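K.L.:
Residue numbers 1321 to 1382, in this note's numbering, belong to the letters of the sequence shown in order.
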Amino acid sequence: MDDLTRAFASRGDLAHLALFLWASGASGLLVWALRELASSNRRFNDFVAEIARLNRFFNDRR
């Protein structure tokens, strides 16, 4: 990584390097957030399914 930074610095492209690092970080954060959102949706779906199962169980007991 140090060689890559040195190559950018010698050509005067530090702004491009900073923009690349910012975009990479933002993209990584987006992927992480979407993965967490999908996981949260799965957990909520499991919760709702369990509540429906309990409702069926208690309705069948009558």
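Virtual Cβ for every residue (Gly too), placed ideally from N, Cα, C.
Since this is a predicted model, take the numbers as computed values, not measurements.
Near residue 1323, which residues of its chain fall below 6 Å by C-beta distance, leaving aside the five closest residues on each side in sequence?
P.N.:
As a working note, residue 1323 is residue 3 in the sequence shown. Taken in chain order, the list of residues that qualify is empty.
K.L.:
At what residues does the alpha helix (DSSP H) containing residue 1362 begin and finish?
P.N.:
Along the sequence shown, read from residue 1 onward, the residue named residue 1362 stands at position 42. Residues 1334-1380.
K.L.:
Alpha carbon to alpha carbon, how far is residue 1375 from residue 1369?
P.N.:
Looking up residue 1375 in the sequence shown gives position 55. Looking up residue 1369 in the sequence shown gives position 49. Computed Cα separation, rounded: 10 Å.
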